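Position one of the sequence shown corresponds to residue 514 (my numbering), numbered consecutively onward. Backbone N, C-alpha and C define an ideal beta-carbon position, used for all residues, glycine too. Just so you know, these numbers come straight off a predicted model, no measurement behind them.
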Amino acid sequence: MSFIQWAIDPWGLRVPIHIAWFLIWVAAIAGLAFFVVHATYVRYFAKPRQFAPDGHPIPSEIPARVPRHSQVARAFHWIMAVSMLTLLFTAFLPRVGVQFNWVTYHWIAGTVLTASILFHIFHASFWLDFWSIWPDRIDMTDAYHRVLRAIGRPAPPPRKFAKYPLENKLYHGAIIVAGLCAIATGVFMMFRVRTVFFPRNPYLFSDMTWGMIYVLHGLAGVGLIALIMVHIYFGIRPEKRPITKSMIYGWMSREFYLEEHDPERWVVSPPNAANRTEERGLSDTRGNP
Ligand code: HEM
């Protein structure tokens, strides 16, 4: 059993051409297994969550609707979601027997995804709080304490989260790796098909290099099947719905914010600024567009 499909090129050299397509099923089954294990654990085994008591008074000026995602950030998220799902379905349906002219839809969705990710990198670097999505020292200490507590060893309860819990930050990291790998290889693969951007040039690389590009693209793609399944699963879980709603409406309730987030680690705008941003159609926590 090989994870790669091989072929013999015109010079008699054995070259990789694709991933082996059974990996689609491996990824889909891994995603389903994750749902079952996680849902069973939460239902029957997980202890109620416990956070360290707030070591500071709760700021009185927290608004009833805590701004979480700006209009621009939400638009990016949904454009990316549609293009990502289009890429997954156009790539993998033909491999499981649903035949259609998928390549055109695929490279168009790939172009939309690439443009939206470039925009996101620019927007997050200059307008959003860039560091809010990267693990910090408190996340690491708390993760260590959470593991100790899970195995019954004494450890203090973790602090409430900053804007994003560690799990979300790690997930974002995994999506960056798989997404950028699919994009970087996909841009080169556009030279193998007819697009409106540049003339087709299948001789840009040797057969061996093309083969490796196709294998990397396929591996990133099947990785994304499992990652996107897990993302959607968490998005529809009842306890995560306030977070999903905030990606539609832009805000979460003050109660939910205080229950899970530490106002010292995720500082929200004072009410006047928040009201003003609400009037403008909601912006992020720093009042950015
Ligand atoms: C969710 C992200 C993506 C997934 C799951 C995905 C998956 C796939 C798969 C499985 C193939 C078939 C590869 C093979 O035959 O070995 C493919 C082909 C292709 N992909 Fe993607 N891809 C993604 C993103 C992209 C992006 C971002 C671009 C462009 C920027 C792109 C451009 C292409 C092109 C042009 C082909 C056709 C190559 C050919 O037929 O020779 N893909 N993709």
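Using 10 angstroms around the beta-carbon of residue i, count the other beta-carbons present and answer buried if the total reaches 16, otherwise exposed.
i, result
"Ile521", "exposed"
"Met514", "exposed"
"Phe613", "exposed"
"Leu795", "Only weak support is given to the placement of Leu795: the predicted model assigns it a pLDDT of 40, under 50, and the question is left unresolved by the model."
"Ala787", "Since pLDDT at Ala787 reaches only 44, below the 50 mark, its modelled position is unreliable, and no value is offered."
"Ala813", "Beyond the ends of the chain as shown, which are 514 and 802, falls residue 813; an answer cannot be given."
"Ala586", "buried"
"Leu661", "exposed"
"Trp519", "exposed"
"Gly525", "exposed"
"Val781", "buried"
"Ala628", "exposed"
"Ala559", "exposed"
"Ser583", "buried"
"Met597", "buried"
"Pro572", "exposed"
Is residue i near ligand 1, judged by its Cβ being under 8 Å from some heavy atom?
i, result
"Gly623", "yes"
"Ile517", "no"
"Ala695", "yes"
"Met597", "yes"
"Gly544", "no"
"Ile832", "What is shown of the chain runs 514 to 802, which leaves residue 832 out entirely."
"Thr627", "yes"
"Tyr727", "yes"
"Ile592", "no"
"Leu606", "no"
"His685", "no"
"Gly568", "no"
"Ile631", "Note that residue 631 is Leu in the sequence shown here, rather than Ile. Leu631 Cβ: outside cutoff for every heavy atom of ligand 1."
"Ile530", "yes"
"Leu526", "no"
"Arg705", "yes"
"His744", "no"
"Trp779", "no"
"Ala656", "no"
"Ala733", "yes"
"Trp538", "no"
Between residue i and the rest of its own chain, which residues show a CB-CB distance below 6 Å, the 5 nearest in sequence each way excluded?
i, result
"Gly731", "His531, Ile532"
"Thr599", "Ala622"
"Lys676", "Ser645, Trp779"
"Leu717", "Phe704"
"Phe548", "Tyr746"
"Glu791", "Unreliable placement is indicated for Glu791, whose pLDDT of 41 sits below 50; no coordinate value is reported for it."
Leaving aside the five residues before and after residue i along the sequence, list all residues of the same chain whose C-beta is less than 8 Å from its C-beta, in chain order.
i, result
"Asp655", "Pro671, Arg672, Leu679"
"Leu740", "Tyr684, Ala687, Ile688, Ala691"
"Phe711", "Met703, Phe704"
"Ile749", "Thr757"
"Phe632", "Phe589"
What whole-angstrom Cβ distance do residue i and residue j have, given they're in contact under 8 Å?
i, j, result
"Ala733", "Thr698", "7 Å"
"Pro529", "Ile517", "5 Å"
"Met760", "His636", "Met760 to His636, Cβ: 15 Å. No contact."
"Pro751", "Phe769", "About 13 Å separates the two Cβ atoms, so there is no contact after all."
"Val728", "Ala540", "15 Å between Cβ atoms; not a contact."
"Arg581", "Met765", "5 Å"
"Leu606", "Leu737", "Incorrect: roughly 15 Å between the Cβ atoms, too far for contact."
"Arg767", "Ile575", "5 Å"
"Trp620", "Val555", "About 40 Å separates the two Cβ atoms, so there is no contact after all."
Residues in the same chain with beta-carbon distance under 7 Å from residue i, minus the five sequence neighbours each way, listed in chain order, please.
i, result
"Ala552", "none"
"Trp647", "Lys682"
"His569", "Glu777"
"Val609", "Ile537"
"Val700", "Thr627"
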